[in-house]
Amino acid sequence: MDNSQTNGTMQSLNLKMSIEETNLILEALGQMPFVKVHQLIASIQQQASEQLQNNQSIANQTQS
Numbered sequence: 033m034d035n036s037q038t039n040g041t042m043q044s045l046n047l048k049m050s051i052e053e054t055n056l057i058l059e060a061l062g063q064m065p066f067v068k069v070h071q072l073i074a075s076i077q078q079q080a081s082e083q084l085q086n087n088q089s090i091a092n093q094t095q096s
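Residue 33 is where the sequence shown starts when you use the numbering used here, and the numbers rise one by one after that.
Structure below.
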């Protein structure tokens, strides 16, 4: 059984990384076979985009 699953549900983690660290991870994943990592890359990109948009919204609100 995969340690990432308990009772058929995926456990999740929240990791805090700099943009540079995230880009390094994406670069390393880009060296791996696409079929193995494309969903992970998409997930990282989606989560990062959402967080950056939220951060920008907060910054815009504090400037107003």
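All residues carry an ideal CB built from backbone N, CA and C; glycine is no exception. Fair warning: this is a prediction, and the values are worked out from it, not measured in the lab.
Measure the CB-CB distance between residue i and residue j and report whether it falls below 8 Å.
i, j, result
"Leu61", "Ile51", "no"
Keeping to the same chain, check which residues put their C-beta closer than 6 Å to that of residue i; ignore five residues upstream and five downstream.
i, result
"Val69", "Leu61"
Output needed for residue i: all residues of its chain with C-beta closer than 8 Å, excluding positions within five of it in sequence on either side, in chain order.
i, result
"Ile57", "Met49, Ile76"
"Gln88", "none"
Starting from the C-beta of residue i, find all residues in its chain whose C-beta is less than 7 Å away, skip the five residues before and the five after it, and write them out in chain order.
i, result
"Asn80", "Looking at the sequence itself, residue 80 is Ala, so the reference to Asn does not match. Within the same chain, Ala80 has close Cβ partners Thr54."
Pick from the options: whose alpha carbon is nearest that of residue i?
i, options, result
"Asn46", "Glu59, Gln83, Gln71", "Gln83"
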